[in-house]
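Participant:
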Amino acid sequence: MKITCPVPINKYDTVTLAHGGGGKLSDRLIHDLFIRELGNGWLNKAHDGAVLELNGRIAFSTDSFVVNPLFFPGGNIGDLAVNGTVNDLVCCGAVPEYLSLGLIIEEGLQMDDLRRIILTIKDAAINANVKIVTGDTKVVEKGKGDKIFINTSGVGTIPEGIAISPERCSPGDVVIITGNIADHGVSILSSREGLSFESSIKSDTAPLNGITNLLFQVTKDIHVLRDPTRGGVASALNEISRSSGHGILLEEKMIPVSDQVKGACEIMGFDPLYIANEGKLLIILPEKYAGKVISEIRKHPLGKNAAIIGRVNDGPPVVKITTLVGSTRIVDMISGEQLPRIC
Amino acid sequence: MRYSDKSHHNKLTFKYYVLKYIDEYRDINVINALANKIRKVIKHPWNIMEICGGQTHAIMKYNLSEFLPGQINLIHGPGCPVCVTPLEKIDKALALAQMKDVILVSFGDMLRVPGSDSDLLLEKSRGADVRMVYSPLDAVKIAADNPHKKVVFFAIGFETTAPVNALSVIRAEQLHLENYFILCSQVLVPPAIEMLLEQEGSSIQGFLAPGHVCAVAGYNEYISLAKKFNLPFVITGFEPTDILKGILALVSLLEDGRSDVVNEYKRVVTKEGNKDALKMVNDVFELTDQEWRGIGVIPGSGLRVREKYSGFDAEKHFTFEVLNTRESSVCIAGKILQGISKPTDCKAFGKECIPEHPLGAPMVSLEGACSAYHRYQ
Amino acid sequence: MAKVSFNGVLKNISVEWVRDAKVGDYIIAHAGAALTILNAKEAEDTLEIFRQISSQ
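Protein chains in written order, with this note's numbering: chain U, 1 to 343; chain V, 1 to 377; chain F, 1 to 56.
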């Protein structure tokens, strides 16, 4: 006699160890939530892996997401999980196509929260024009994980003629940022206990392939693409400077920062250059294309505040900035998390 | 008059000298003009000290030394409260953090300052409940929200922070909280200046006095110091124009051989300071001898919790085992804080001692001289 | 406590020691408390001095 578990998934309001056990409850979770919401030709097969056909040079990237809190102004961990890997692929010059989704869930996570995150992932994937083709779920005991950790890996194909690499950053190149910096990091802080403040600052999490589509229509001769996440613009540019062996000089007055982010940074003693962004792109390219690129990107909803913020020079691999008052100082790589100042 | 922060029609909106009052104070033409004036006025070399972490930070951030003539030797004094917090207090904070029923709450800067064996961030990673806040009033809220835990706020700071640290105790008392404590390590600027000037071989000829410290405490004490040591003091703010204007005023006084106290931060500072804030500080705290890390004990340079509030004093409530405090043998923080050496004089600077693994406090705090030198130069 | 705007970011700040403060005033805030009210006249005077200096 076949005994089927009569209890529908909806009866559980939290995720339990059984949901990760590989048995019927697991199966229920996978079918009733993941496949139902994210389903496509590959995922529906519920096979060990997805078989794909890709042509040409393939970009492959992975990223894990451990953000706290899970839900913040402007999005949640689901948005980051999709957009983060999409953007990593974009920074390789690729057209992002397929993603994997790995979940490590802490026992006790509210089922409603999980559902919200999965629905967000669904929407984000549609928005970014990618498909989630394979996945995995594990559940760990209470106390062994911080509500949920997500890993996404992704592949995409790189069109002919595109060669993105930090080593290509060359003296004379121009540095562009596609919009206001530090929104994401500040929005996270605004929801942290002990530091909270009221503002309309929202995370800027977004997929950047729309912008790069526009970009490559102007020229394929783009040298470097980088999304300045943890560590902000300063860290990203320091890495690029070091890889290429060339110096970069930024212009403080050209760097787009919203007034509210400036205010929050003043309160907390932070420097926006070191704060994470999740929907911005650094573009390093030959100067002759800069004007056209800026005007094209500004037409895109995510690129309204795009600006040229600096230039690559043939000096030593150090990032410097011309301050608002005209002096020059070094923009160093920062260690660890930024801490608010007291005086 | 009562302020309600919930109801809209009562909502008061102040602005923290924003927009209108910030951009003008960073005007590039004014900066250049002030720099030119300094060059015109100066005829001799001068050693001047600033003793405010916020000013150190601003000088580094805007690289103001680019605008100063070579005859000015700008020395960074012990103006960073994180840097001067004695090792023993940090070790006490670490011991408290390790206690099971304690939530250790602190300003962000303190989290990575090295104690003898560890730091708060490391303890946090080992499972201690360590939390960062913007204000001690947030710590009081944590105490109110966690009645079964003991909440200890690491109350460090200069005169600028003493009032709000005192206020947190008053608030806790008003809320009848029995689980809120402060680990007090408050320092005062004028006794430190006195100590620096009394040292043999002191080469300091003039001071930029800390603007916000004076906003609270006024500047009567600096007038006494100016008379006693025959040195000029200029009360200075934090914007780049304020700092250059302060230096211009100081150099002018020095060239004229005058030992006056001049207020170049009039929009914020008055001679008497904020009497209400001082009253609250005096209610909760009293003067004590205080150890400054790397420098030693300076008499009457600190504040401790008064007997009547001893119920909120962490050092009275908790017992600490004998602490084995020991400093790095290489770190010359003391000399740097007193302006005797520069960070670049230190053997370990940039090598064993970098922000990722600091040996001493000035490499951790964003206002510490070592960290500023490392980041910006 | 009052709502203080930092460039549009609102934070609850104690106004225990600036009881004379009114809506629209500028204050210096530190670690959750207002320390002084910005003296608008002195601020303007300082800006005027700056204007004079930079035009010399």
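We treat Cβ as the ideally placed atom computed from N, Cα and C, and that holds for glycine.
Does the Cβ-Cβ distance between residue 241 of chain V and residue 34 of chain V come in under 9 Å?
Facilitator: Yes, the pair counts as a contact, with Cβ atoms nearer than the cut-off.
Participant: Using DSSP bridges, identify the partner residues of residue 11 of chain F.
Facilitator: Answer is F:4, bridged to residue 11 of chain F.
Participant: With distances taken from CA atoms, which of U:297, U:17, U:230 is nearest residue 65 of chain U?
Facilitator: Nearest C-alpha to residue 65 of chain U: U:230.
Participant: Hey, residue 78 of chain V and residue 366 of chain V: beta-carbon distance below 9 Å or not?
Facilitator: It is not a contact, given that the beta carbons lie outside the stated cut-off.
Participant: Mapping DSSP to helix, strand and coil, what is residue 333 of chain U?
Facilitator: Coil at residue 333 of chain U, not helix or strand.
Participant: For the beta strand (DSSP E) that residue 61 of chain U lies in, which residues bound it at each end?
Facilitator: Counting along the chain, the beta strand (DSSP E) containing residue 61 of chain U begins and ends at 57–65.
Participant: May I ask which residues mark the beginning and end of the alpha helix (DSSP H) holding residue 187 of chain U?
Facilitator: Per DSSP, residue 187 of chain U belongs to the alpha helix (DSSP H) from 183–190.
Participant: Along chain U, in chain order, which residues have C-beta atoms closer than 7 Å to that of residue 240 of chain V?
Facilitator: Per Cβ cutoff of 7 Å: 325.
Participant: Please confirm whether residue 374 of chain V has its beta-carbon closer than 9 Å to some beta-carbon of chain U.
Facilitator: Taking Cβ atoms only, chain U reaches closer than 9 Å to residue 374 of chain V, which makes this a yes.
Participant: Would you mind stating whether residue 55 of chain V and residue 210 of chain V have Cβ atoms separated by less than 9 Å?
Facilitator: Yes, these two residues count as a Cβ contact at 9 Å.
Participant: Taking its Cβ as the centre, do 16 or more other Cβ atoms sit within 10 Å of residue 126 of chain U, making it buried, or is it exposed?
Facilitator: By the neighbour-count rule (16 or more Cβ atoms within 10 Å), residue 126 of chain U is not buried but exposed.
Participant: Return the bridge partner residues of residue 35 of chain V from the DSSP annotation.
Facilitator: In the DSSP output, where bridge partners are listed per residue, residue 35 of chain V has none listed.
Participant: Taking residue 284 of chain U as the reference, which of U:23, U:202, U:224 has the closest Cα?
Facilitator: Selected option, being the one with the closest Cα: U:224.
Participant: Nearest-angstrom Cα distance between residue 77 of chain U and residue 342 of chain V?
Facilitator: One C-alpha to the other measures close to 45 Å.
Participant: By Cβ distance below 8 Å, which residues in the same chain neighbour residue 142 of chain V in space, the five residues on each side in sequence not counted?
Facilitator: If we look at residue 142 of chain V and ignore the five residues flanking it on each side, its Cβ neighbours are 103, 105, 131, 133, 151.
Participant: So the candidates are U:94, U:148, U:85, U:95; which of them puts its Cα closest to the Cα of residue 103 of chain U?
Facilitator: Of U:94, U:148, U:85, U:95, the residue nearest in Cα terms is U:148.
Participant: Taking C-alpha atoms, which residue in U:212, U:33, U:155 lies nearest to residue 53 of chain U?
Facilitator: Comparing Cα positions, the closest option is U:155.
Participant: Would residue 31 of chain F pass as a contact of residue 15 of chain F if the rule is Cβ separation under 9 Å?
Facilitator: No.
Participant: Figure out for me which residue from U:13, U:269, U:40 has the closest Cα to the Cα of residue 29 of chain U.
Facilitator: Ranking the options by Cα distance to residue 29 of chain U, first place goes to U:13.
Participant: For residue 185 of chain U and residue 264 of chain U, what's the separation of their Cα atoms in angstroms?
Facilitator: Looking at the two C-alpha atoms, the distance is approximately 11 Å.
Participant: Can you confirm whether the region 202–218 of chain V touches the region 281–298 of chain U when touching is taken to mean that 3 or more C-beta pairs between the two stretches lie within less than 8 Å?
Facilitator: Not touching, per the Cβ criterion.
Participant: Run the CB neighbour count on residue 329 of chain U, radius 10 Å, all protein chains shown included, and call it buried at 16 or more, exposed below.
Facilitator: Per the 10 Å Cβ criterion, buried.
Participant: Between the Cα of residue 107 of chain V and those of V:68, V:323, V:182, V:29, spot the shortest distance and give me the residue it belongs to.
Facilitator: Measuring from the Cα of residue 107 of chain V, the nearest candidate turns out to be V:182.
Participant: Does the beta carbon of residue 138 of chain V sit closer than 9 Å to a beta carbon anywhere in chain U?
Facilitator: Residue 138 of chain V counts as touching chain U.
Participant: Please list, in chain order, the residues of the region 160–191 of chain V that have any C-beta partner in chain F closer than 7 Å.
Facilitator: Per Cβ criterion, the list reads 160, 161, 163, 164, 167.
Participant: Identify the contact partners of residue 28 of chain V in chain U, using a Cβ-Cβ distance below 8 Å as the criterion.
Facilitator: Here the neighbours are 324, 325, 326.
Participant: From residue 306 of chain U to residue 46 of chain V, what distance separates their C-alpha atoms?
Facilitator: Approximately 46 Å, taken between the alpha carbons.
Participant: Count the other CB atoms within 10 Å of the CB of residue 310 of chain V; is the residue buried (16 or more) or exposed (fewer)?
Facilitator: Counting Cβ neighbours within 10 Å, residue 310 of chain V comes out exposed, since fewer than 16 surround it.
Participant: Could you check whether the Cβ of residue 62 of chain V sits closer than 9 Å to any Cβ belonging to chain F?
Facilitator: Not an interface residue.
Participant: Short check: CB of residue 283 of chain V to CB of residue 19 of chain F, under 9 Å?
Facilitator: Cβ atoms of residue 283 of chain V and residue 19 of chain F: not closer than 9 Å.
Participant: Take the Cβ of residue 404 of chain V as the centre, count every other Cβ of all protein chains shown within 10 Å, and call the residue buried at 16 or more, exposed below.
Facilitator: With chain V represented from 1 up to 377, any question about residue 404 of chain V goes unanswered, as that position is not in the structure.
Participant: In or out: residue 253 of chain U buried (at least 16 other Cβ within 10 Å) or exposed?
Facilitator: It is exposed - the Cβ of residue 253 of chain U has fewer than 16 other Cβ atoms within 10 Å.
Participant: Exposed or buried, which one is residue 36 of chain U when buried takes at least 16 other CB atoms within 10 Å?
Facilitator: The residue in question, residue 36 of chain U, is exposed, as its Cβ has fewer than 16 Cβ neighbours within 10 Å.
Participant: Please report the straight-line C-alpha distance between residue 52 of chain V and residue 153 of chain U, rounded to a whole angstrom.
Facilitator: Rounded to the nearest angstrom, the two C-alpha atoms are 48 Å apart.
Participant: What residues of chain V sit near residue 249 of chain U, judged by a beta carbon separation below 8 Å?
Facilitator: What residue 249 of chain U touches in chain V: nothing, since even the nearest Cβ is about 14 Å away.
Participant: Note down the Cα distance separating residue 160 of chain V from residue 26 of chain F, rounded to an integer number of angstroms.
Facilitator: Rounded to the nearest angstrom, the two C-alpha atoms are 18 Å apart.
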